[in-house]
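Following: one structure in structure tokens, then a few remarks.
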Amino acid sequence: MQLSFDVPEGNSSRTLRFEARQLVIAGWTGRDAAAIEHHIEELAALGVPAPSAVPLFYRVGVNQLSQDDTVQVVGAETSGEVEPLLFMHAGEYFVSIGSDHTDRALEAHSVALSKQICVKPVARTAWRLVDVLDRWDSLVLRSWIEEGGEWRLYQEGTLAALRPPADLLARCTAANGEPGEGFAMTCGTVGAIGGIRPAARFRMELVDEHSGRRISHEYRSIVLPVVA
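Start counting the sequence shown at 1371; every next residue gets the next number (the working numbering).
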């Protein structure tokens, strides 16, 4: 699966063509045990069983990555979650954002299958990880959903709430082997304001307040009927 990113360089930018070969969805990645427990309870309210360990690293097919503005889902019980996206290109790590769009009805039966079943929308801008690593914790993650014809803030928090990249990469390596060219991993998310719920339109961003730069993406979901 090939993705294209604009990578800023000074006052200009370059286009990076990334060939994804391995996709990992990192879950339960919070640094705060109380926040993890809150998210577990949040999902338990939807019938999702507690994880066997934290963090966990789910393997998902790279064909599920998409930079389109529209995705198709089966049934009305799916929802997005904004997450940092790390990926390796030419031996270097870059960061963007993606939405771990998940089928919540299926999640109650199998978290792994619920993640595989939905397309994962990805932004079209990326930063070199080394350029933001020294202020990683201050980067701000946000998302909005459209409800009643209005955009409502759905998620907001700094990356200080999540395990840092080196920690996640080390744990992922222990679980899945050494990452190589084409490796991509989402790094977890922050809690949903007002609880997890579906919405037809989803907007997300990652903000570096130090530089004034932001990565953003918006998409809408088209619901296909469930035919039995």
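The beta carbon of each residue, even a glycine, is placed where N, CA and C say it ideally should be.
For clarity, every value in this text was computed on a predicted model and none was experimentally measured.
Quick one: what's residue i bridged to in DSSP?
{"i": "Tyr1463", "result": "Met1458"}
{"i": "Gln1392", "result": "Phe1553"}
{"i": "Ser1469", "result": "Val1452"}
Report the residue from the options whose alpha carbon sits nearest the alpha carbon of residue i.
{"i": "Phe1427", "options": "Glu1516, Tyr1463, Asp1439 and Ala1482", "result": "Ala1482"}
{"i": "Ala1415", "options": "Ala1478, Ala1544 and Asp1537", "result": "Ala1478"}
{"i": "Glu1599", "options": "Gly1380, Ile1563, Gly1582 and Ser1591", "result": "Shown here, the chain extends from 1371 to 1598; a query on residue 1599 therefore has no answer."}
{"i": "Gly1397", "options": "Leu1503, Ser1469 and Arg1494", "result": "Ser1469"}
{"i": "Leu1503", "options": "Gly1519, Ala1420, Trp1521 and Arg1533", "result": "Arg1533"}
{"i": "Gly1565", "options": "Ile1515, Pro1421 and Gln1486", "result": "Ile1515"}
{"i": "Gln1392", "options": "Ile1406, Ile1410, Arg1474 and Gln1372", "result": "Gln1372"}
Under 8 Å between the Cβ atoms of residue i and residue j?
{"i": "Val1444", "j": "Leu1594", "result": "yes"}
{"i": "Pro1472", "j": "Gln1525", "result": "The sequence given here places Thr at residue 1472; Pro does not occur at that position. In this structure, Gln1525 does not lie closer than 8 Å to Thr1472 by Cβ."}
{"i": "Phe1464", "j": "Arg1498", "result": "yes"}
{"i": "Ala1390", "j": "Leu1456", "result": "no"}
{"i": "Ser1374", "j": "Arg1387", "result": "yes"}
{"i": "Val1452", "j": "Met1574", "result": "yes"}
Can you say whether residue i is buried or exposed, counting buried as having 16 or more other CB atoms within 10 angstroms of its CB?
{"i": "Pro1454", "result": "buried"}
{"i": "Thr1512", "result": "The identity of residue 1512 in the sequence shown is Arg, whereas the question assumes Thr. It counts as buried."}
{"i": "Val1418", "result": "buried"}
{"i": "Glu1447", "result": "buried"}
{"i": "Trp1521", "result": "exposed"}
Could you tell me if the beta carbon of residue i falls within a distance shorter than 7 Å of some heavy atom in the ligand NAD?
{"i": "Leu1576", "result": "The ligand NAD is not among the ligands present in this structure, which contains no ligands whatsoever."}
query: Are three or more beta carbon pairs between the stretch 1502-1511 and the stretch 1527-1537 nearer than 8 Å?
result: Pairwise C-beta distances place the stretch 1502-1511 in contact with the stretch 1527-1537, as three or more of them are shorter than 8 Å.
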